[in-house]
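First the structure, in the form of structure tokens, and then the observations on it.
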Amino acid sequence: MKTVPFTKEFVADIAKTYPTPFYIYDADAIRSNLKRLQNAFSWNRGYKEYFAVKALPNPEIMKLLHGQGCGMDCSSYTELMLCEALGIGGGDIMFSSNDTPAEEFVLARKLRATVNLDDITHIDFLKENGGIPERISLRFNPGGEFMLGNTIMGNPGEAKYGFTREQVFEGVKKLLSYGAKEFGLHAFLASNTTDETYYPTLARKLFRLAADIKKELGATVTFVNLSGGIGIPYQPYEKEADIAYIGSEVERVYREVVIPAGLDISIYTELGRYITGPYGYLVTKAIHEKNTYKHYIGVDACACNLMRPAMYGAYHHITVLGKENDPASKIYDVTGSLCENNDKFAIDRPLPDVEIGDYLVIHDSGAHGHSMGYNYNGKLRCAELLMENGQIRMIRRAEKPSDYFATLDFLNLF
Ligand SMILES: *Cc1c(COP(=O)(O)O)cnc(C)c1O
Numbered sequence: 005m006k007t008v009p010f011t012k013e014f015v016a017d018i019a020k021t022y023p024t025p026f027y028i029y030d031a032d033a034i035r036s037n038l039k040r041l042q043n044a045f046s047w048n049r050g051y052k053e054y055f056a057v058k059a060l061p062n063p064e065i066m067k068l069l070h071g072q073g074c075g076m077d078c079s080s081y082t083e084l085m086l087c088e089a090l091g092i093g094g095g096d097i098m099f100s101s102n103d104t105p106a107e108e109f110v111l112a113r114k115l116r117a118t119v120n121l122d123d124i125t126h127i128d129f130l131k132e133n134g135g136i137p138e139r140i141s142l143r144f145n146p147g148g149e150f151m152l153g154n155t156i157m158g159n160p161g162e163a164k165y166g167f168t169r170e171q172v173f174e175g176v177k178k179l180l181s182y183g184a185k186e187f188g189l190h191a192f193l194a195s196n197t198t199d200e201t202y203y204p205t206l207a208r209k210l211f212r213l214a215a216d217i218k219k220e221l222g223a224t225v226t227f228v229n230l231s232g233g234i235g236i237p238y239q240p241y242e243k244e245a246d247i248a249y250i251g252s253e254v255e256r257v258y259r260e261v262v263i264p265a266g267l268d269i270s271i272y273t274e275l276g277r278y279i280t281g282p283y284g285y286l287v288t289k290a291i292h293e294k295n296t297y298k299h300y301i302g303v304d305a306c307a308c309n310l311m312r313p314a315m316y317g318a319y320h321h322i323t324v325l326g327k328e329n330d331p332a333s334k335i336y337d338v339t340g341s342l343c344e345n346n347d348k349f350a351i352d353r354p355l356p357d358v359e360i361g362d363y364l365v366i367h368d369s370g371a372h373g374h375s376m377g378y379n380y381n382g383k384l385r386c387a388e389l390l391m392e393n394g395q396i397r398m399i400r401r402a403e404k405p406s407d408y409f410a411t412l413d414f415l416n417l418f
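As numbered in our numbering, the sequence shown has no gaps in its residue numbers, which increase by one up to the final residue, 418.
Next comes the structure, spelled out in structure tokens:
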């Protein structure tokens, strides 16, 4: 059963200062989750998690993670700027971008980030825009379908990312001729999977590729980046991925492939969802009840605050605060106020009897939640709050109309 680490009274008290909707992130839970991940890979001397900043690009969260030895995975100019502002640089930034504008490479090189190239043509592009570093990473796309057992997990052949196998070899040769000395390999082949064979299977592919690169080109791969993709159980019946087991299985593959090849490889990950997803909660209030052909609860949040249900039909569990133990005796659609019929946080969802003024908590919103927010219908993005030792601190204020209008020329309008 999914639980909420705060009570209705606690939220009612917060709402006096910060009107709903708002996000609450559980700092202590995020910290201990990161620790579990780091422990799972502690057998690997160079292991490092680079948090995928796009999942939750809040400087307070980044500081909290960085304080525990976590690096940052950036993919845009502003994400790099966040790192720069926090004094995060060098080996603590992985720049895994694609279709990359020139100025982003320039800034990444200025911050001495590890650059993870998405395409063979980006080698010369980087040479012109920032220059080729001695240590550089290549994103691999094996093409075809990516299988785990009998299940198709993804379709790399249809994905825009990465180098083909031939291009990896050609790319390494070219980079060697440009002065690069140390290489990394990266691939991202499945998204939001709790399948515990994903990382070990991906690791085997990349370790073997590293061994082939050494054999054929004499070039040294010193790190393998397993990227993101480990999922979280959004549904209450789903099981969490056992990260300790995943770590030990990657270790088994390491012993099988990396050690006999005479390589010494540091393992990196770029997890986003796994790190913060389960520890973020979107808190919203029921403001309307509507009965037509269906029963609707209208809340004060909308898809602009959390896009995943509208965009992917994603399930997010909902708890009605103060009614945690009541029977789910009613079936509701829980809606936002956008003029879009897909603006529903839940469809045909069994919930306890919801009354106007009840607080609804939308679970597992800590990654790709607030950060995917948008301003359609002139809706404003909500505040983000951090819960630490039972205390609440605002780490991003809610947008105001003046933020929405900031890109217009007010002098001419009014
Ligand atoms: C989005 C992304 C991640 C993080 O993905 P999660 O599903 O949040 O783990 C990591 N690396 C890259 C390159 C990405 O694009």
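Ideal Cβ positions, reconstructed from N, Cα and C, are used throughout, including at glycine.
Mind checking whether the beta-carbon of Asn196 lies closer than 7 Å to any heavy atom of ligand 1? Counting from one through the sequence shown, the residue named residue 196 turns up at place 192. Checking every heavy atom of ligand 1 against the Cβ of Asn196, one is found closer than 7 Å.
Distance, Gly317 Cα to Gln171 Cα: What you label residue 171 is simply residue 167 of the sequence shown in a count that begins at 1. What you label residue 317 is simply residue 313 of the sequence shown in a count that begins at 1. Those two C-alpha atoms are separated by around 36 Å.
What I want to know is whether the C-beta of Ile234 ends up closer than 7 Å to one or more non-hydrogen atoms of ligand 1. Here residue 234 corresponds to residue number 230 of the sequence shown, with the count starting at 1. Yes, Cβ of Ile234 sits closer than 7 Å to a heavy atom of ligand 1.
By DSSP's criteria, Phe99 is part of a beta bridge. Which residues make up the other side? Within the sequence shown, the letter at position 95 stands for residue 99. Answer is Cys78, Val119, bridged to Phe99.
Checking the sheet assignment: what are the DSSP bridge partners for Tyr29? Position 25 of the sequence shown, counting from 1, holds the residue named residue 29. BP columns for Tyr29 point to Gly284, Leu390.
For Val254 versus Leu221, is the C-beta distance shorter than 8 Å? As a working note, residue 254 is residue 250 in the sequence shown. As a working note, residue 221 is residue 217 in the sequence shown. No.
With which residues is Phe187 paired in a DSSP beta bridge? Along the sequence shown, read from residue 1 onward, the residue named residue 187 stands at position 183. Phe187 is bridged to Ile140, Val225.
With DSSP as the reference, please indicate the residues paired to Lys348 in a beta bridge. To locate residue 348, count along the sequence shown from 1; it is residue 344. Lys348 is bridged to Thr339.
Which word fits Lys289, buried or exposed, when buried means at least 16 other C-beta atoms lie within 10 angstroms of its C-beta? If you number the sequence shown from 1, residue 289 lands on position 285. Result: buried.
Using 7 Å as the cut-off, classify the Cβ of Lys164 as near or not near the heavy atoms of ligand 1, replying yes or no. The count along the sequence shown starts at 1 and reaches residue 164 at position 160. Checking the Cβ of Lys164 against ligand 1 gives no.
Coarse secondary structure for Leu355, derived from DSSP in three states: On the sequence shown, position 351 is the one that residue 355 refers to. In this structure, Leu355 counts as strand in the three-state DSSP scheme.
Could you check what DSSP says for Asn43 in three-state terms: helix, strand or coil? For the purposes of this step, residue 43 is identified with residue 39 of the sequence shown, where counting begins at 1. Reduced to three states, the DSSP call for Asn43 is helix.
Is Lys58 close to ligand 1? I mean its beta-carbon at under 7 Å from any heavy atom of the ligand. The sequence position of residue 58 within the sequence shown is 54, counting from 1. Yes, ligand 1 has a heavy atom inside 7 Å of this Cβ.
Does the region 242-254 come close enough to the region 196-209 that 3 or more CB-CB pairs lie under 8 Å? yes
Nearest candidate by alpha-carbon position, reference Gly153, set Tyr202, Tyr297, Ala33: By one-based count along the sequence shown, residue 153 stands at place 149. Answer by Cα proximity: Tyr202.
Residue nearest to Ile396 in terms of C-alpha spacing, selected from Ile250, Lys6, Thr21: Sequence index remark: in the sequence shown, residue 396 carries index 392 (1-based). Ile396 has its Cα closest to that of Thr21, out of Ile250, Lys6, Thr21.
Can you tell me the Cα-Cα spacing of Phe109 and Asn379, whole angstroms? Residue numbering aside, residue 109 sits at position 105 when the sequence shown is read from its first letter. Residue numbering aside, residue 379 sits at position 375 when the sequence shown is read from its first letter. Rounded to whole angstroms, Phe109 to Asn379 spans 29 Å at the Cα level.
At what residues does the beta strand (DSSP E) containing Val3 begin and finish? The displayed coordinates of the chain run from 5 to 418. Any statement about residue 3 would go beyond what the structure contains.
Span separating the alpha-carbon of Pro237 from that of Phe150: As a working note, residue 237 is residue 233 in the sequence shown. As a working note, residue 150 is residue 146 in the sequence shown. Cα to Cα, Pro237 sits roughly 22 Å from Phe150.
Give me, in chain order, the residues of the same chain whose beta-carbon lies closer than 6 Å to that of Lys209; leave out the 5 immediate sequence neighbours on both sides. Residue mapping note: residue 209 aligns to position 205 of the sequence shown, counting from 1. There are no such residues.
Own chain partners of Leu180 with C-beta closer than 8 Å, once the 5 adjacent residues on each side are dropped: As a position in the sequence shown, residue 180 is number 176, starting the count at 1. The answer, listed in chain order, is Leu221, Ala223.
Can the beta-carbon of Pro354 be found closer than 8 Å to that of Ala332? Position 350 of the sequence shown holds residue 354. Position 328 of the sequence shown holds residue 332. A contact, by the Cβ cut-off of 8 Å.
Closest by C-alpha distance to Gly2, when choosing among Cys343, Val261, Cys306: Nothing about residue 2 can be reported from this structure: the residues present for the chain run from 5 to 418 only.
On the criterion of 16 or more Cβ atoms from any shown chain inside 10 Å, does Ile360 qualify as buried, or is it exposed? The sequence position of residue 360 within the sequence shown is 356, counting from 1. Exposed, because fewer than 16 other Cβ atoms sit within 10 Å of the Cβ of Ile360.
In the DSSP assignment, what are the bridge partners of His1? What the structure shows of the chain is the stretch from 5 to 418, and residue 1 is not part of that stretch, so it cannot be assessed.
Reducing DSSP to helix, strand and coil, say where Gly166 ends up. Here residue 166 is taken as the residue at index 162 of the sequence shown, counted from 1. Gly166: coil per DSSP, three-state reduction.
What residues are listed by DSSP as bridge partners for Ala215? Position 211 of the sequence shown, counted from the first residue, corresponds to residue 215. The partner list for Ala215 (beta bridge, DSSP) is empty, contrary to what the question assumes.
Taking the C-alpha atoms as reference points, what is the distance between Tyr408 and Arg385? Indexing the sequence shown from 1 puts residue 408 at position 404. Indexing the sequence shown from 1 puts residue 385 at position 381. One C-alpha to the other measures close to 10 Å.
Compare the Cα-Cα distances from Tyr363 to each of Glu328, Met391, His374 and report the closest residue. Along the sequence shown, one-based indexing puts residue 363 at 359. Looking at the Cα atoms, Glu328 is the closest of the given residues.
Taking the Cβ atom as the reference point for each residue, do Ile271 and Leu230 lie within a distance shorter than 8 Å? Within the sequence shown, residue 271 is the residue found at index 267, counting from 1. Within the sequence shown, residue 230 is the residue found at index 226, counting from 1. In this structure, Leu230 lies closer than 8 Å to Ile271 by Cβ.
Alpha helix (DSSP H) containing Arg1: first to last residue? Since the displayed the chain opens at 5 and closes at 418, residue 1 lies outside it and no answer follows.
How many Å lie between Lys218 and Arg212 at the Cα? Taking the first residue of the sequence shown as 1, we reach residue 218 at position 214. Taking the first residue of the sequence shown as 1, we reach residue 212 at position 208. Using only the alpha carbons, I get a separation of about 10 Å.
Using DSSP with H/G/I as helix, E/B as strand and the rest coil, what is Tyr380? As a position in the sequence shown, residue 380 is number 376, starting the count at 1. In this structure, Tyr380 counts as helix in the three-state DSSP scheme.
Give every residue of the same chain whose Cβ lies closer than 6 Å to the Cβ of Tyr319, excluding the five residues on either side of it in the sequence, and list them in chain order. Indexing the sequence shown from 1 puts residue 319 at position 315. Taken in chain order, the residues that qualify are Tyr238, Gln239.
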